[in-house]
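Each residue of the sequence shown is one higher than the last, beginning at 8 in the working numbering. Idealized CB from N, CA, C, for every residue including glycine. These figures come from a predicted structure and were not determined experimentally. See below for the structure under consideration.
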Amino acid sequence: MADDIHANESYYLRLVVDRVPTMLAYWDTNLICRFANRAYETWFGANPDHLLGTSIRDLLGPELFAMNEPHMRRVLAGDRQVFERIVPGPDGMQRHSLAEYLPDVVDGTVRGFLVQVTNVTELKETQAALRRENHLRIQLEQNALSLQALAQERSDMIDVLAHEVRQPLSNASAALQSAQGALRARGDEFGTEQVVRAQEVLGEVLSSLDNTLAVASLLARPDPIHRDDADIATLVAVVIADMPSSERNRILVQRMTPTRTALMDMSLMRLALRNVLSNALKYSPQGSDVLVRITDSDEPPALVIEVSDAGAGISPDLLPRLFNRGARDGERSDAAGLGLGLYIVAKVMSMHGGGTELVNTGPEGTTIRLVITQTDHKE
(Lines of atoms letter the chains of each structure in order from A and count residues from 1; the text may use other names and numbers.)
(Lines give C-alpha, C1' and ligand atoms only; values in the text may rest on other atoms or scores of the structure.)
Protein backbone atom coordinates (compact mmCIF):
# COMPACT_ATOMS: atom_id res chain seq x y z
CA MET A 1 0.00 0.00 0.00
CA ALA A 2 2.85 2.38 0.89
CA ASP A 3 4.49 1.58 -2.45
CA ASP A 4 1.27 2.56 -4.27
CA ILE A 5 1.18 5.89 -2.45
CA HIS A 6 4.79 6.67 -3.30
CA ALA A 7 4.22 5.59 -6.89
CA ASN A 8 1.34 8.05 -7.22
CA GLU A 9 3.06 10.87 -5.37
CA SER A 10 3.92 12.79 -8.51
CA TYR A 11 0.36 12.34 -9.78
CA TYR A 12 -1.19 13.78 -6.63
CA LEU A 13 1.35 16.57 -6.48
CA ARG A 14 0.61 17.59 -10.05
CA LEU A 15 -3.14 17.28 -9.42
CA VAL A 16 -2.98 19.65 -6.45
CA VAL A 17 -0.71 22.14 -8.21
CA ASP A 18 -2.94 22.25 -11.29
CA ARG A 19 -6.18 22.63 -9.33
CA VAL A 20 -5.20 25.68 -7.28
CA PRO A 21 -6.24 29.04 -8.86
CA THR A 22 -2.87 30.59 -8.00
CA MET A 23 -0.25 30.71 -10.78
CA LEU A 24 2.81 28.64 -9.85
CA ALA A 25 5.94 28.53 -12.02
CA TYR A 26 9.70 28.24 -12.03
CA TRP A 27 11.99 30.44 -14.18
CA ASP A 28 15.73 29.98 -14.48
CA THR A 29 18.41 32.67 -14.55
CA ASN A 30 17.83 33.14 -18.27
CA LEU A 31 14.13 33.75 -17.58
CA ILE A 32 13.19 30.49 -19.29
CA CYS A 33 10.18 28.55 -17.99
CA ARG A 34 11.00 25.21 -16.36
CA PHE A 35 7.59 24.59 -14.76
CA ALA A 36 4.07 26.11 -14.87
CA ASN A 37 0.70 24.99 -13.57
CA ARG A 38 -2.70 25.04 -15.27
CA ALA A 39 -3.65 28.43 -13.80
CA TYR A 40 -1.65 30.04 -16.62
CA GLU A 41 -4.39 28.94 -19.00
CA THR A 42 -6.93 31.02 -17.06
CA TRP A 43 -4.67 34.02 -16.58
CA PHE A 44 -2.89 34.18 -19.94
CA GLY A 45 -4.63 31.62 -22.13
CA ALA A 46 -1.30 29.76 -22.33
CA ASN A 47 -0.99 25.96 -22.26
CA PRO A 48 1.54 25.26 -19.47
CA ASP A 49 3.00 22.36 -21.45
CA HIS A 50 3.83 24.77 -24.26
CA LEU A 51 5.34 27.29 -21.82
CA LEU A 52 8.22 24.99 -20.96
CA GLY A 53 11.39 26.29 -22.57
CA THR A 54 9.88 29.67 -23.50
CA SER A 55 10.88 33.11 -22.25
CA ILE A 56 8.90 35.02 -19.65
CA ARG A 57 9.17 38.03 -21.95
CA ASP A 58 7.06 36.22 -24.55
CA LEU A 59 4.46 35.32 -21.93
CA LEU A 60 4.08 38.76 -20.37
CA GLY A 61 4.49 40.91 -23.43
CA PRO A 62 6.72 43.98 -23.62
CA GLU A 63 4.68 46.30 -21.36
CA LEU A 64 4.06 43.92 -18.44
CA PHE A 65 7.59 42.51 -18.75
CA ALA A 66 9.07 46.01 -18.47
CA MET A 67 7.11 46.60 -15.25
CA ASN A 68 8.12 43.26 -13.71
CA GLU A 69 11.73 43.06 -14.91
CA PRO A 70 13.20 45.07 -11.97
CA HIS A 71 11.66 42.53 -9.57
CA MET A 72 13.12 39.66 -11.62
CA ARG A 73 16.60 41.18 -11.46
CA ARG A 74 16.34 41.63 -7.71
CA VAL A 75 15.09 38.09 -7.05
CA LEU A 76 17.92 36.71 -9.19
CA ALA A 77 20.20 38.68 -6.90
CA GLY A 78 18.76 36.66 -4.01
CA ASP A 79 16.10 39.07 -2.72
CA ARG A 80 12.53 37.84 -2.24
CA GLN A 81 10.04 40.08 -4.05
CA VAL A 82 6.40 40.77 -3.17
CA PHE A 83 4.39 43.27 -5.20
CA GLU A 84 0.96 43.99 -6.62
CA ARG A 85 0.14 44.21 -10.29
CA ILE A 86 -2.91 44.40 -12.56
CA VAL A 87 -2.67 41.55 -15.05
CA PRO A 88 -4.74 41.80 -18.26
CA GLY A 89 -6.17 38.46 -19.35
CA PRO A 90 -7.16 37.10 -22.77
CA ASP A 91 -10.82 37.43 -21.76
CA GLY A 92 -10.35 41.17 -21.26
CA MET A 93 -10.60 40.88 -17.48
CA GLN A 94 -8.23 43.01 -15.44
CA ARG A 95 -7.09 40.87 -12.51
CA HIS A 96 -5.58 42.45 -9.41
CA SER A 97 -2.71 40.17 -8.45
CA LEU A 98 -0.34 39.71 -5.55
CA ALA A 99 2.94 38.34 -6.92
CA GLU A 100 5.72 36.71 -4.93
CA TYR A 101 9.13 35.86 -6.40
CA LEU A 102 11.19 33.43 -4.28
CA PRO A 103 14.88 32.89 -5.15
CA ASP A 104 16.09 29.29 -5.58
CA VAL A 105 19.46 29.38 -3.84
CA VAL A 106 21.73 26.30 -3.79
CA ASP A 107 25.18 26.50 -2.14
CA GLY A 108 24.97 30.29 -2.25
CA THR A 109 24.15 30.40 -5.94
CA VAL A 110 20.79 31.55 -7.34
CA ARG A 111 19.63 29.01 -9.92
CA GLY A 112 16.30 30.64 -10.70
CA PHE A 113 13.15 31.73 -8.92
CA LEU A 114 9.72 30.41 -8.05
CA VAL A 115 6.67 32.49 -8.94
CA GLN A 116 3.40 32.54 -7.00
CA VAL A 117 0.69 34.92 -8.27
CA THR A 118 -2.65 35.11 -6.43
CA ASN A 119 -5.83 36.72 -7.73
CA VAL A 120 -6.84 39.39 -5.18
CA THR A 121 -9.49 41.10 -7.34
CA GLU A 122 -12.33 40.33 -4.91
CA LEU A 123 -10.23 41.56 -2.00
CA LYS A 124 -9.49 44.81 -3.84
CA GLU A 125 -13.15 45.26 -4.71
CA THR A 126 -14.07 44.68 -1.07
CA GLN A 127 -11.45 47.19 0.07
CA ALA A 128 -12.74 49.72 -2.47
CA ALA A 129 -16.30 49.14 -1.25
CA LEU A 130 -15.16 49.64 2.34
CA ARG A 131 -13.42 52.88 1.37
CA ARG A 132 -16.58 54.09 -0.36
CA GLU A 133 -18.64 53.09 2.66
CA ASN A 134 -16.24 54.89 4.96
CA HIS A 135 -16.38 57.97 2.73
CA LEU A 136 -20.18 57.86 2.78
CA ARG A 137 -20.15 57.40 6.55
CA ILE A 138 -17.96 60.47 6.95
CA GLN A 139 -20.29 62.40 4.65
CA LEU A 140 -23.32 61.24 6.64
CA GLU A 141 -21.65 62.27 9.89
CA GLN A 142 -20.85 65.67 8.43
CA ASN A 143 -24.42 66.01 7.14
CA ALA A 144 -25.74 64.98 10.56
CA LEU A 145 -23.62 67.67 12.20
CA SER A 146 -24.90 70.22 9.67
CA LEU A 147 -28.49 69.15 10.28
CA GLN A 148 -27.91 69.33 14.02
CA ALA A 149 -26.58 72.86 13.64
CA LEU A 150 -29.58 73.80 11.48
CA ALA A 151 -31.95 72.23 14.00
CA GLN A 152 -30.32 74.21 16.79
CA GLU A 153 -30.59 77.39 14.72
CA ARG A 154 -34.26 76.66 14.07
CA SER A 155 -34.79 75.96 17.75
CA ASP A 156 -33.19 79.29 18.63
CA MET A 157 -35.42 81.06 16.11
CA ILE A 158 -38.47 79.32 17.57
CA ASP A 159 -37.48 80.53 21.03
CA VAL A 160 -37.15 84.07 19.69
CA LEU A 161 -40.50 83.81 17.94
CA ALA A 162 -42.15 82.44 21.06
CA HIS A 163 -40.84 85.33 23.14
CA GLU A 164 -41.03 88.21 20.67
CA VAL A 165 -44.44 87.35 19.23
CA ARG A 166 -46.31 85.43 21.89
CA GLN A 167 -45.46 87.73 24.77
CA PRO A 168 -47.05 90.84 23.19
CA LEU A 169 -50.11 88.77 22.26
CA SER A 170 -50.39 87.53 25.84
CA ASN A 171 -50.11 91.11 27.07
CA ALA A 172 -52.84 92.14 24.63
CA SER A 173 -55.05 89.31 25.89
CA ALA A 174 -54.57 90.47 29.48
CA ALA A 175 -55.37 94.05 28.46
CA LEU A 176 -58.56 92.92 26.73
CA GLN A 177 -59.60 91.00 29.81
CA SER A 178 -59.15 94.13 31.93
CA ALA A 179 -61.09 96.16 29.37
CA GLN A 180 -63.87 93.61 29.43
CA GLY A 181 -64.16 93.92 33.20
CA ALA A 182 -64.21 97.71 33.03
CA LEU A 183 -66.84 97.80 30.29
CA ARG A 184 -69.02 95.30 32.11
CA ALA A 185 -68.77 97.41 35.28
CA ARG A 186 -69.98 100.41 33.29
CA GLY A 187 -72.86 98.43 31.83
CA ASP A 188 -71.57 98.74 28.27
CA GLU A 189 -72.95 95.51 26.82
CA PHE A 190 -72.03 96.32 23.21
CA GLY A 191 -68.45 97.19 24.11
CA THR A 192 -68.20 94.09 26.30
CA GLU A 193 -69.45 91.90 23.46
CA GLN A 194 -66.89 93.35 21.04
CA VAL A 195 -64.06 92.82 23.52
CA VAL A 196 -65.17 89.22 24.09
CA ARG A 197 -65.12 88.67 20.33
CA ALA A 198 -61.67 90.22 20.12
CA GLN A 199 -60.52 87.91 22.91
CA GLU A 200 -61.82 84.89 21.01
CA VAL A 201 -59.98 85.91 17.84
CA LEU A 202 -56.82 86.59 19.81
CA GLY A 203 -57.22 83.22 21.51
CA GLU A 204 -57.40 81.49 18.11
CA VAL A 205 -54.26 83.33 17.00
CA LEU A 206 -52.45 82.28 20.17
CA SER A 207 -53.66 78.70 19.74
CA SER A 208 -52.44 78.56 16.13
CA LEU A 209 -49.12 80.06 17.16
CA ASP A 210 -48.74 77.57 20.01
CA ASN A 211 -49.52 74.65 17.71
CA THR A 212 -47.12 75.85 15.03
CA LEU A 213 -44.35 76.29 17.58
CA ALA A 214 -45.20 72.92 19.11
CA VAL A 215 -44.93 71.10 15.77
CA ALA A 216 -41.56 72.70 15.08
CA SER A 217 -40.37 71.83 18.57
CA LEU A 218 -41.64 68.23 18.46
CA LEU A 219 -40.10 67.56 15.06
CA ALA A 220 -36.75 68.96 16.18
CA ARG A 221 -36.74 67.11 19.51
CA PRO A 222 -33.84 64.60 19.43
CA ASP A 223 -34.33 63.03 22.85
CA PRO A 224 -37.17 61.19 24.60
CA ILE A 225 -39.45 63.27 26.79
CA HIS A 226 -38.85 63.60 30.52
CA ARG A 227 -41.89 62.60 32.58
CA ASP A 228 -42.56 63.78 36.11
CA ASP A 229 -45.19 62.78 38.65
CA ALA A 230 -47.76 65.49 37.89
CA ASP A 231 -51.00 66.35 39.66
CA ILE A 232 -53.95 65.37 37.46
CA ALA A 233 -56.34 67.94 38.92
CA THR A 234 -53.81 70.69 38.28
CA LEU A 235 -53.44 69.60 34.66
CA VAL A 236 -57.19 69.74 34.07
CA ALA A 237 -57.57 73.05 35.90
CA VAL A 238 -54.78 74.70 33.92
CA VAL A 239 -56.22 73.48 30.62
CA ILE A 240 -59.69 74.76 31.52
CA ALA A 241 -58.14 78.11 32.44
CA ASP A 242 -56.61 78.20 28.95
CA MET A 243 -60.11 78.20 27.44
CA PRO A 244 -61.99 81.46 26.80
CA SER A 245 -63.61 82.67 30.02
CA SER A 246 -67.03 82.66 28.37
CA GLU A 247 -66.69 78.94 27.56
CA ARG A 248 -65.35 77.55 30.82
CA ASN A 249 -68.75 77.03 32.42
CA ARG A 250 -69.60 74.53 29.65
CA ILE A 251 -66.86 72.15 30.79
CA LEU A 252 -67.86 69.38 33.18
CA VAL A 253 -65.20 67.22 34.84
CA GLN A 254 -66.03 63.68 35.94
CA ARG A 255 -63.36 61.88 37.98
CA MET A 256 -63.80 58.11 38.11
CA THR A 257 -60.46 57.24 39.67
CA PRO A 258 -58.92 58.02 43.06
CA THR A 259 -55.53 58.41 41.38
CA ARG A 260 -54.17 61.88 42.11
CA THR A 261 -50.94 61.93 40.10
CA ALA A 262 -49.54 60.42 36.91
CA LEU A 263 -46.24 60.34 35.06
CA MET A 264 -46.26 62.83 32.19
CA ASP A 265 -44.59 65.78 30.57
CA MET A 266 -46.91 68.43 32.00
CA SER A 267 -46.34 71.06 29.30
CA LEU A 268 -46.91 68.62 26.44
CA MET A 269 -50.00 67.07 28.05
CA ARG A 270 -51.38 70.54 28.66
CA LEU A 271 -50.99 71.28 24.96
CA ALA A 272 -52.57 67.96 23.90
CA LEU A 273 -55.57 68.15 26.22
CA ARG A 274 -56.05 71.83 25.38
CA ASN A 275 -56.28 71.01 21.67
CA VAL A 276 -58.86 68.26 22.23
CA LEU A 277 -60.92 70.39 24.61
CA SER A 278 -60.74 73.43 22.33
CA ASN A 279 -62.03 71.38 19.39
CA ALA A 280 -64.87 69.99 21.51
CA LEU A 281 -65.97 73.50 22.49
CA LYS A 282 -65.56 74.88 18.98
CA TYR A 283 -67.46 72.16 17.11
CA SER A 284 -70.41 71.68 19.47
CA PRO A 285 -73.52 73.86 19.89
CA GLN A 286 -73.17 77.04 21.92
CA GLY A 287 -74.15 76.42 25.52
CA SER A 288 -73.88 72.62 25.25
CA ASP A 289 -71.81 70.73 27.80
CA VAL A 290 -68.38 69.24 27.12
CA LEU A 291 -67.50 66.35 29.42
CA VAL A 292 -63.95 65.57 30.57
CA ARG A 293 -63.94 62.05 32.04
CA ILE A 294 -60.86 60.87 33.97
CA THR A 295 -60.38 57.13 34.55
CA ASP A 296 -57.52 54.66 34.70
CA SER A 297 -56.71 51.16 33.45
CA ASP A 298 -54.70 48.26 34.86
CA GLU A 299 -53.57 46.52 31.66
CA PRO A 300 -51.49 48.35 30.76
CA PRO A 301 -51.26 50.74 33.71
CA ALA A 302 -52.46 54.04 32.27
CA LEU A 303 -54.29 57.27 32.95
CA VAL A 304 -57.23 57.67 30.58
CA ILE A 305 -58.81 61.03 29.74
CA GLU A 306 -61.89 61.19 27.53
CA VAL A 307 -63.38 64.38 26.09
CA SER A 308 -66.97 64.17 24.84
CA ASP A 309 -68.96 66.85 23.04
CA ALA A 310 -72.50 67.16 21.68
CA GLY A 311 -71.51 68.22 18.18
CA ALA A 312 -72.66 66.94 14.81
CA GLY A 313 -69.80 64.47 14.50
CA ILE A 314 -66.75 64.24 12.28
CA SER A 315 -67.08 63.99 8.50
CA PRO A 316 -66.53 60.41 7.24
CA ASP A 317 -64.05 61.75 4.68
CA LEU A 318 -61.89 63.13 7.48
CA LEU A 319 -61.86 60.00 9.66
CA PRO A 320 -59.02 58.09 7.89
CA ARG A 321 -56.68 61.08 8.28
CA LEU A 322 -58.07 62.56 11.48
CA PHE A 323 -54.73 62.54 13.29
CA ASN A 324 -52.61 63.40 10.25
CA ARG A 325 -50.78 66.65 9.89
CA GLY A 326 -52.85 69.26 8.07
CA ALA A 327 -56.11 67.30 8.35
CA ARG A 328 -59.14 69.60 8.17
CA ASP A 329 -62.83 69.11 7.51
CA GLY A 330 -63.37 70.82 4.17
CA GLU A 331 -67.14 70.52 4.53
CA ARG A 332 -67.25 72.78 7.58
CA SER A 333 -67.22 76.53 7.16
CA ASP A 334 -65.99 76.93 10.74
CA ALA A 335 -62.98 74.63 10.25
CA ALA A 336 -60.35 77.29 10.81
CA GLY A 337 -56.69 76.72 11.58
CA LEU A 338 -53.87 74.74 10.02
CA GLY A 339 -55.04 71.24 10.87
CA LEU A 340 -52.29 70.75 13.44
CA GLY A 341 -54.30 70.27 16.63
CA LEU A 342 -55.06 66.54 16.60
CA TYR A 343 -51.76 65.78 14.84
CA ILE A 344 -49.99 67.32 17.83
CA VAL A 345 -52.24 65.36 20.20
CA ALA A 346 -51.34 62.06 18.53
CA LYS A 347 -47.65 62.97 18.48
CA VAL A 348 -47.61 63.91 22.16
CA MET A 349 -49.44 60.75 23.19
CA SER A 350 -47.06 58.62 21.13
CA MET A 351 -44.11 60.26 22.88
CA HIS A 352 -45.72 59.24 26.17
CA GLY A 353 -45.93 55.65 24.96
CA GLY A 354 -49.71 55.86 24.87
CA GLY A 355 -52.22 56.58 22.17
CA THR A 356 -55.09 58.67 20.86
CA GLU A 357 -58.39 56.99 20.03
CA LEU A 358 -61.61 58.12 18.43
CA VAL A 359 -64.10 56.32 20.67
CA ASN A 360 -67.21 57.37 18.76
CA THR A 361 -68.55 60.11 16.51
CA GLY A 362 -71.96 60.85 15.06
CA PRO A 363 -74.97 63.16 15.25
CA GLU A 364 -75.02 62.86 19.04
CA GLY A 365 -71.42 63.93 19.51
CA THR A 366 -67.80 62.83 19.49
CA THR A 367 -65.56 61.27 22.14
CA ILE A 368 -61.78 61.25 21.92
CA ARG A 369 -59.70 59.22 24.35
CA LEU A 370 -56.15 60.00 25.48
CA VAL A 371 -54.19 57.11 27.01
CA ILE A 372 -51.09 58.00 29.05
CA THR A 373 -49.21 54.81 29.91
CA GLN A 374 -47.56 54.69 33.32
CA THR A 375 -44.88 52.11 32.54
CA ASP A 376 -41.30 53.04 31.68
CA HIS A 377 -41.19 54.14 28.08
CA LYS A 378 -38.39 55.15 25.77
CA GLU A 379 -39.27 56.55 22.37
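Just to check my reading of the structure: residue i and residue j have Cβ atoms closer than 8 angstroms, yes? What is that Cβ distance to the nearest angstrom?
i	j	result
residue 74	residue 47	The pair is not a contact, with the Cβ atoms about 18 angstroms apart (cut-off 8 angstroms).
residue 350	residue 318	Their Cβ separation, rounded to whole angstroms, is 20 angstroms, which puts residue 350 and residue 318 out of contact at 8 angstroms.
residue 312	residue 377	5 angstroms
residue 297	residue 310	Incorrect: roughly 19 angstroms between the Cβ atoms, too far for contact.
residue 199	residue 239	With a Cβ gap of about 34 angstroms, residue 199 and residue 239 do not count as contacting.
residue 203	residue 187	6 angstroms
residue 115	residue 35	That pair is no contact at about 17 angstroms.
residue 355	residue 276	7 angstroms
Tell me, please, which residues DSSP counts as bridged to residue i.
i	result
residue 197	Paired residues: none, contrary to the question.
residue 34	40 and 120
residue 178	Answer by DSSP bridge pairing: none, since residue 178 is not bridged.
residue 432	This structure does not reach residue 432, given that the chain is present from 8 up to 386, and the question cannot be answered.
residue 90	106
residue 309	304 and 380
residue 268	238
residue 374	315 and 367
residue 101	95
residue 111	119
Determine the extent of the alpha helix (DSSP H) in which residue i is found, giving its start and end residues.
i	result
residue 395	Absent from the structure is residue 395, since the part of the chain shown begins at 8 and ends at 386.
residue 127	Per DSSP, residue 127 belongs to no alpha helix (DSSP H) and is neither H nor E.
residue 282	273–289
residue 23	16–26
residue 72	63–83
residue 349	348–358
residue 59	Looking at the DSSP string, residue 59 is not in any alpha helix (DSSP H), and its letter there is neither H nor E.
residue 49	46–51
Suppose the cutoff is 7 angstroms on Cβ atoms and the five residues either side in sequence are ignored; what does the same chain contact list for residue i look like?
i	result
residue 24	31 and 44
residue 42	32 and 33
residue 353	330 and 363
residue 182	none
residue 19	none
Identify, in the order they occur along the chain, each residue of the same chain with its Cβ nearer than 8 angstroms to the Cβ of residue i, setting aside the five sequence neighbours on each side.
i	result
residue 130	103
Can you name, in chain order, every residue of its own chain whose Cβ lies under 6 angstroms from the Cβ of residue i, other than the five neighbours on each side?
i	result
residue 341	Confidence at residue 341 is low in this model, with a pLDDT of 48, below 50, so its placement is unreliable and the value that follows should be read with caution. Closer than 6 angstroms at the Cβ level, and outside the excluded window around residue 341, lies no residue.
residue 97	52
residue 206	183
residue 299	260 and 314
Name the two residues that bound the continuous beta strand (DSSP E) containing residue i.
i	result
residue 365	362–369
For a cutoff of 7 angstroms on Cβ pairs, would you count residue i as touching chain D?
i	result
residue 58	This model lacks chain D altogether; it includes just one protein chain.
I'd like to know if the stretch 249–262 and the stretch 367–380 are in contact, where contact means that at least 3 CB-CB pairs between them fall below 8 angstroms. Judged by Cβ distances under 8 angstroms, the stretch 249–262 makes no contact with the stretch 367–380, as fewer than three pairs qualify.
Take every Cβ of the stretch 267–285, pair it with every Cβ of the stretch 230–239, and state whether three or more of those distances are shorter than 8 angstroms. Touching, yes.
Three-pair Cβ contact test at 8 angstroms for the stretch 48–62 versus the stretch 83–90: No, the stretch 48–62 does not touch the stretch 83–90.
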